[in-house]
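These notes concern the structure reproduced below.
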Amino acid sequence: MVNQEHSGLGDNVAGNKYESIIRSVQARDLMGVTESIMRDVCYRDLDKAHEKLNVLFGISALEADVQLLLKALRVKVELTNALESPSKNELVMLLGQGTLPDGVREVVTSILIDLESRAYESLARDRYSDLPVSGVYTKEVFYERLASKEELNDSYRAAKVYDLSEQELTGLVRGAVRVEDFVWAFELVQRLHEYFPSSNSATLLLYTEACLLATQNQQKYYVSLSKHEKNDVDRLVNQLLISIADSDDNRHLATLINLLSVTHFSDNRLFEQGKLHLDKIRKMSPVCAEYIEQLSDGGSGVETKFELVSDSLDLEQFARLDFALQNDHIKVNTVNKWVDRGGAVHTGDDYVNSFFDLYLRASVCSSANKKAVQLLDERAQRFFELDAERFLRVNPHAMLRLCEKFIELGLPLNAVKYLAPFLSGEAWVSPVFQCYLDALFESEKFDLFLSKIRHLEPSDKTTSIHLREAQIYERLNQYDLSIESTRSAIKISPNYPYSWHLLLHVSRAKGLNKQELSDIVFEIPEVIFSSYDESKVPLVNEIATHVDINLADRVLVDWFAQSPDKVATALTQIHLNSLRNRPEVTNNPYIPLHCCDGVTYSDGFETFTRLLVRDVDCTHPLLLDIESPLGQTLNEMQEGTTSGVYTMLERLPSYVAAYRHAADIRHKGNDGTDAFRMFTIPSNEGEMIPYVENILRRYSSEEKRRDEVLQNPNVPLMMRGHFTDKGNPVRGAIMHLSSSESTQYMKLFNGGEEQFDKVIVDVYTAVYLALMGLATSIVNLNLKIVLCQQTKKALESWIEDILRDDYMSMGVSEKGMYRITSEDIQRDCLDLIQGLKTLLECAQVEALKPADTPDLLVKMRDMVDDTVYSTFQLSVANDIPLLCIDHLMIELAHRSGCPAANMNSFVERALKSLSFKERKKSIQYNLFSGTPASILYQDIMELSCSSEPSDTYLVFKLMEKYGEAIDGTGAPLKFLTDIVRNVTAVAYIDRTILSGGRTINPQYDGYAEHVFNSCCRVAMKTLTGDTVEQRFATLIFSVVNTPSRVRKYAQLISYLASEFALGHFLDFDACNKALASCQMNSEEKKRTEET
């Protein structure tokens, strides 16, 4: 071979060129070239192999054996390129030459085995088996194309790893992939990449690991991968994107197909690569290509309008209906009516039909329809229990949408239950995992929530996760951790309003002063305040109520100037919410950016009221651009002045004008769902009172509403209070605990723990203790009382509110309008207020411990007040016995595992620790309002001995209410006798009754006669005897049968008994006969005792 160099002009058109002139080359001279081409084939660099072969074939006058060798190498390239298999005749001819070097012969043999393996596998095996010696190339092709799994393992174990060549290791890797032993293939390719690092080993490593991931997770959805598996997928995706950009290797497309399968086509970067190489992918995987094409349409082929013309839908029609629902192309109410009429989805599979039915009903269900929500909850439970195995095969994206609806409808427990099977123990932050965390939070499974995010790195957490974490820490009173999580959320999304709202709320709860809170407010990006959005309203309300009312006003009026109709409700509501924080005279230091003064002017014909604004869209008829000709004219005018045809009638500051206009817009736009309304009070005093009475009569009906539900004895007290006084649990507790309509169904819980030194009480129980005068017993019994933060706040707020000097509430009754002032409350409710204060002084607040709230408690969360729910939750989480006046609620909670204190035994102990005077309050509430409480025997006796008419009246009310129940005391005759003797003896001593009872003696106004009559009625029902006369006589004889009888006292009893017998139509003769019988029996008993 001679080298010839060309330079200069003429021949050297493309620059200096080196040309090789080859003469007399034989096959043995091409071993180096052969190895080079075989390496290119091994590396799948087929373009380079083709280039080298084309150069060699371009040489003239080559020997025959050289031409055959080159043809053999071309066969190898074509085979690897998956082209049609060529004839093997020339390969056989080449091998038949005896002068062929061993190295070349081995290469050619390996090519022939490769060729035969594709059509005649047994022939290829025989040829390989008959080889006297196997070289690296024949071993490579045998491993890659022919060897079984066992042969591959045997060959690998029989050799030393460090003795294996690159070709052998490569063949083993490809063979392991062929027999689908991807775990071993991955192990082998790691060895290959370690010992023979190259672009080929890197590509094989990427491809093999992708295959391994795809096969290991082929029964999993992408969202079900663990965080570790997801990290592996992300790493491979990043490697592939780099590799596919640098190299046009078809093996990258195979890796792409695998990763698209693993990610379920949800990774946009992979999807874009799929669209870019769609034609090549179609040749390798038609199914993958079809998915890419379908997803590329993006629903463009779906009709925008959908009509329900049939009572049943197939799968394709359901998909169109679902698309229409999600994109508001069909009204939810229309679909809801269709479902109610029996509309259903029929796919030929009952299980799938059931899922679609549940999915559709959830999609159209309204959270306002509690009955429909309850039915949906029952359907969800039934479907979950239908088939656990098939449940896991439901598309997680459809499951995600269903669970999002569950959460929206207040059924987060179902979302937790439905999503948990789709997630691994250490899930990555997929949409499904995010929804699952939302469901855990809404279900108040705080401990489980924190455990599920423990494996996440800070960089893995989204804004939503940080905020949920912060909310949980806030509930646990771990304010520093809550602030830290909130700050992390702000770092990710600084313009998200709720993050700042939560930060202010938690900082305030932690105890930061107003200046420190103000500093936080001025950290908030101005872009949040620049335009209105409903999500920003709670933040501005927080600022107005607790930080800076003036700044909040500035933001609100500027929003109003931009969108009057949208902002009217927010502006008026926040203004009303913050009234107590507003000084009487306001001089706002902040100048609005867009809202200017309000003007009322006349043009000589009409009067106009407008709001001057700047730099906003002025299409709303209320707004007038201050830069317009009219705006400039009006802006320069003062109230009462005239300029041309315009007269300024009234000019108001921007803050006043904006509020007035907002109130007017809200009032006129009320569709019946808004509680806000403006009234114009008549100036005539004679008309004013009836007008106000009419207003109160209309709206006080809501306070007095009674429903058949309230007459149901199975409705718990706390639910009654929440129904009638939602948002005001203290008022609800006072009303129902002092109303016989509610107390008639109440009793004291007589289960749970009887011995306890620490209990937690709710708002209703706290009010009960204060009403009944039992608050001081807490100190007497040395009992630790725990309140949740919400209960403490509710009690303190109520006390603070009603003790305000300017407090006044108004209402209307059958007698007309009435008002209640602070003086009235302090006079009539002083004991109640003092009792609540005593409880607050001796109570302690405990922070909630991380725990999972019981499902039953979560389900009834909307049925009771937040203070009640939080109390029950704290009882469970901190394992504190719950002392509760609502026997139905505590019974339910106790059966669900909530620690409960025995209310009945507590009340008895509490009463015994008090003086008789203190106990009288509980007796009064029990007898007049029906509020449950134990009445001690000794107290009844003491009341009956009292000379106070009010005490005698209490005895009368006791006998009237509980008289028939004394049969259970074991000694009813003695009980009745003692009461009658005590009461009548006191009346006898007072002597007024001696002149006659109520019917003939007007001076007598005591209740001794009432008590006597009540005891007689009870005696006729409870004592032994065949007739009422006998039972009546038994009591009368017992009363007068004393060792030393007083004649006038006996006459008094005789008179009262005669009057009673006459009034109750008793037979006098029978009564006298029964009395005589009692006398004889008494004398007989005395004689018996004497003998």
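Residue numbers (our numbering): 137 to 1227.
Yeah, the Cβ is synthetic: ideal placement off N, Cα and C, and Gly gets one too.
For this session: Give the range of the beta strand (DSSP E) segment to which V897 is assigned.
Result: Here the beta strand (DSSP E) through V897 covers 894-897.
For this session: Measure the CB-CB distance between S654 and D689 and report whether it falls below 7 Å.
Result: no
For this session: Drop a sphere of 10 angstroms on the beta-carbon of Q962, count the other beta-carbons inside from all chains shown, and report buried for 16 or more, exposed for fewer.
Result: exposed
Exercise. Mapping DSSP to helix, strand and coil, what is K1209?
Worked result: helix
Exercise. Using CA coordinates, which residue listed in L205, S1011, D751 is at the minimum distance from S667?
Worked result: D751
Exercise. Is it the case that the Cβ atoms of D988 and L586 are separated by a distance below 7 Å?
Worked result: no
Problem set entry | Boundaries of the alpha helix (DSSP H) in which G888 is found, first to last residue | Per DSSP, G888 belongs to no alpha helix (DSSP H) and is neither H nor E.
Problem set entry | CA nearest to the CA of L1171, picked from A1206, L1211, P548 | Looking at the Cα atoms, L1211 is the closest of the given residues.
Exercise. Hey, how far is the Cα of S874 from the Cα of L1018?
Worked result: 22 Å
Exercise. For D523, which option in P557, Y904, T351, L536 has the closest C-alpha, if you only look at C-alpha atoms?
Worked result: P557
For this session: May I have a chain-ordered list of the alpha helix (DSSP H) segments no shorter than 4 residues that lie completely inside the region 615-677?
Result: 615-628, 633-646, 650-657, 662-666
Problem set entry | Cβ neighbours of V244 in the same chain (closer than 8 Å, five flanking residues each side left out) | Taking V244 as the centre and dropping the five residues before and after it, the same chain places the C-beta of L205, A208, L227, L230, L231, L236 closer than 8 Å to its C-beta, in chain order.
For this session: Classify C978 as helix, strand or coil using the three-state DSSP reduction.
Result: Three-state DSSP puts C978 in a helix.
Exercise. Closest by CA to H682, which one among L392, K650, Q607?
Worked result: K650
Problem set entry | Of the residues I870, I1125, I1059, R1127, the one placed nearest M1095, counting alpha carbons only | I1059
Problem set entry | Outcome for P765 when other beta-carbon atoms lying within 10 angstroms are tallied against a minimum of 16 | exposed
Problem set entry | Inter-residue Cα distance where the pair is L1159 and F1173 | 13 Å
Exercise. By DSSP, does A480 sit in helix, in strand, or in coil?
Worked result: strand
Exercise. Going along the chain, which residues of its own chain have a beta-carbon closer than 8 Å to the beta-carbon of T777, five neighbours each way excluded?
Worked result: For T777, where only same-chain residues beyond five positions count, the Cβ hits under 8 Å are T783, M784.
For this session: To the nearest angstrom, report how far apart R716 and P548 are at their CA atoms.
Result: 37 Å
Exercise. Any idea what DSSP makes of V315, helix, strand or coil?
Worked result: coil
Exercise. For the alpha helix (DSSP H) that contains S790, what are its first and last residues?
Worked result: 790-804
For this session: With DSSP as the reference, label I817 as helix, strand or coil.
Result: coil
Problem set entry | Where K153 falls: helix, strand or coil (DSSP) | Since pLDDT at K153 reaches only 44, below the 50 mark, its modelled position is unreliable, and the value read off the structure follows with that caveat. The three-state reading of DSSP puts K153 in strand, counting E and B together.
Exercise. At which residue ranges does the region 699-776 contain complete beta strand (DSSP E) runs of 3 or more residues, listed in the order of the chain?
Worked result: 731-738, 743-749, 759-761
Exercise. With a CB to CB cut of under 8 Å and the five nearest residues on each side skipped, what residues in its chain are close to E1219?
Worked result: none
Exercise. I think C1151 touches I1115, with their Cβ atoms under 8 Å apart; what is that distance to the nearest whole Å?
Worked result: Sure, about 6 Å apart at Cβ, within 8 Å.
Exercise. Between the region 1040-1051 and the region 876-887, do at least 3 Cβ pairs fall closer than 8 Å?
Worked result: yes
Exercise. Does the count of Cβ pairs from the region 479-486 and the region 441-458 closer than 8 Å reach three?
Worked result: Here the region 479-486 makes contact with the region 441-458; the two share three or more CB pairs at distances below 8 Å.
Exercise. How about G311 and L288: do their beta carbons lie closer than 7 Å?
Worked result: yes
For this session: Quick one: residues in its chain with C-beta nearer than 8 Å to the C-beta of P725, no 5 flanking neighbours on either side, listed in chain order?
Result: N686
Exercise. Exposed or buried, T391, counting other C-beta atoms within 10 Å across all chains shown (16 or more means buried)?
Worked result: Answer is buried; the Cβ neighbour count reaches 16.
For this session: Please name the residue or residues paired with L782 in a DSSP beta bridge.
Result: Residue identity differs from the one stated: residue 782 is Tyr in this sequence, not Leu. Per DSSP, S779.
Problem set entry | Integer Cβ distance of V423 from D403, believed to fall under 8 Å | That pair is no contact at about 18 Å.
Exercise. Alpha carbon to alpha carbon, what distance is there between E540 and A645?
Worked result: Near 31 Å, if we compare the C-alpha coordinates of E540 and A645.
Exercise. Which residue's Cα is closest to the Cα of G767: K928, F1064, V735?
Worked result: V735
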